């Protein structure tokens, strides 16, 4: 499970930039904590002033739907952390993806979708966008044959996850970017499971980065917020207009709370990564009947790829194929609770478990779930910051009682 840290300056720079947060005020006296601005509208001096703001000629604000201080400052910090030209915040992760496709795609556009994505991401294309004449093709981003086919395709966008949900497959973003651009297309990467601390997709050739910030970046299960980062400044205005027109704007409170979480992300991420690595190793050793998905294990099919494109760790998520039927999974969850609750989300400071078949991927057909290896016994674990030995012992005892 070796993944040597790259030279420390990159890590120090990212952590210090996050600690800057949104408190960019300069002066002899200003609040230590960033200010929460709840106003939905701003007073204008005259019509010319309103024109300047709404044309984007100034950094001022007029109406929250078109931008507000908490979103603007946090988006700027996150764009810098990702190495992007600009960042846009939206009401949730799905609205960040929606803003991207509504801005960049047209009727008759074709999208290549990774065959394993968050269930709602797949549903957006299969259930909604096809009504608008946008088609999609499912492919395996870890397959050399599929990458070759992508190179020779005619598509308008490629969508993958850095670390897929829930089986934690790792895409070779450098090869994907090369194949995507050879096809004259753009690569969009959902980086939620990695964050900028483990991977910066734009550095590897991606054109767009999407994240659900309400997960580990916030870390406390009390916000919904999405991020879209781009590397082409000419596309920022179109994205902003889509967010405003479709009502996808973020709330100041969610931005404020996420900024607070961002400041402690590096510390939380380090412990959560350690916990996931230790738990994955322990479970794999405990019972050979368990299928343990974790990129840090040498048995993981994309371990070498993960060691190359991820930095500072292999992530805080692991997924276990228990082989249990649903009633036995319910018993497992009951035995873990209340210390480790069943929560259909992820990224909390507390370790949580989820059941993809009945929650995040319930919208897929049974056949589609089977093809991805998602069955009733599949359990997704989001590791928090508890003491590592306690966490390993808690899961080991619970699983031994149920297997």
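Residue numbers (my numbering): 15 to 417. Where a beta carbon is used, it is the ideal one built from N, C-alpha and C, also for glycine. Remember, it's a predicted structure, so these values are computed and weren't measured experimentally.
Query raised in the report: Going by beta carbon distance, what residues of the same chain come within less than 6 Å of residue 330, once the five residues before and after it are set aside?
Result: For the purposes of this step, residue 330 is taken as residue 316 along the chain shown, with counting starting at 1. Answer for residue 330: 286, 287, 290 and 397, listed in chain order.
**Report entry** Selected residue, minimal CA-CA separation from residue 84, among 115, 266, 248 and 216
**Finding:** The count along the chain shown starts at 1 and reaches residue 84 at position 70. Looking at the Cα atoms, 266 is the closest of the given residues.
Query raised in the report: Are residue 150 and residue 164 touching if we call contact CB-CB under 7 Å?
Result: Position 136 of the chain shown holds residue 150. Position 150 of the chain shown holds residue 164. Contact: no.
**Report entry** residue 18 classed as buried or exposed, judged by whether at least 16 other C-beta atoms fall within 10 angstroms
**Finding:** Here residue 18 refers to the residue found at position 4 of the chain shown. Model confidence at residue 18 stands at a pLDDT of 46, short of 50, so the residue's coordinates are unreliable and nothing is read from them.
Requested in this report: Starting from residue 206, follow its DSSP beta bridges and name the residues at the other end.
Outcome: As a first step, residue 206 must be located in the chain shown, where it is residue number 192. Looking at the DSSP assignment, residue 206 forms no beta bridge with any residue, so it has no partner.
Report task. Return the bridge partner residues of residue 186 from the DSSP annotation. Result -> Translated into the one-based positions of the chain shown, residue 186 becomes position 172. Note: residue 186 sits in no beta bridge, so no partner.
Query raised in the report: Do you know whose CA, among 388, 373 and 374, lies nearest residue 380's CA?
Result: The count along the chain shown starts at 1 and reaches residue 380 at position 366. When only C-alpha atoms are compared, the closest one is 388.
Report task. Would you list the residues sitting across from residue 200 in a DSSP beta bridge? Result -> Taking the chain shown and counting its residues from 1, one reaches residue 200 at position 186. Bridge partners of residue 200: 171.
Query raised in the report: Touch check for the region 99–112 and the region 238–255: three-plus C-beta pairs under 8 Å?
Result: yes
Query raised in the report: If we count the other Cβ atoms within 10 Å of its Cβ and call it buried at 16 or more, is residue 70 buried or exposed?
Result: Here residue 70 is taken as the residue at index 56 of the chain shown, counted from 1. It is exposed - the Cβ of residue 70 has fewer than 16 other Cβ atoms within 10 Å.
Requested in this report: Just the C-alpha distance for residue 156 and residue 184, rounded to the nearest angstrom, thanks.
Outcome: For the purposes of this step, residue 156 is taken as residue 142 along the chain shown, with counting starting at 1. For the purposes of this step, residue 184 is taken as residue 170 along the chain shown, with counting starting at 1. For residue 156 and residue 184, the distance between alpha carbons rounds to 7 Å.
Requested in this report: Measure the C-alpha to C-alpha separation of residue 324 and residue 359 and round it to an integer number of angstroms.
Outcome: Position 310 of the chain shown, counted from the first residue, corresponds to residue 324. Position 345 of the chain shown, counted from the first residue, corresponds to residue 359. Computed Cα separation, rounded: 23 Å.
Query raised in the report: So does residue 390 have its beta carbon nearer than 6 Å to some heavy atom of the ligand NAD?
Result: In the structure shown, the ligand NAD is absent, as is every other ligand, since no ligand is present at all.
Query raised in the report: Taking just the CA atoms, how far does residue 297 sit from residue 121?
Result: Locating residue 121 in the chain shown gives position 107, where the first residue counts as 1. Locating residue 297 in the chain shown gives position 283, where the first residue counts as 1. Each residue's Cα considered, the two are about 48 Å apart.
Query raised in the report: For residue 105, does the three-state DSSP call read helix, strand or coil?
Result: Taking the first residue of the chain shown as position 1, residue 105 is located at position 91. Residue 105: coil per DSSP, three-state reduction.
Query raised in the report: According to DSSP, what are the bridge partners of residue 366?
Result: As a working mapping, residue 366 is identified with position 352 in the chain shown. Looking at the DSSP assignment, residue 366 forms a beta bridge with 396.
Query raised in the report: Hey, residue 333 and residue 181 are a contact pair by Cβ (cut 8 Å); roughly how many whole angstroms apart?
Result: By 1-based counting over the chain shown, the position of residue 333 is 319. By 1-based counting over the chain shown, the position of residue 181 is 167. Correct: roughly 6 Å between the Cβ atoms.
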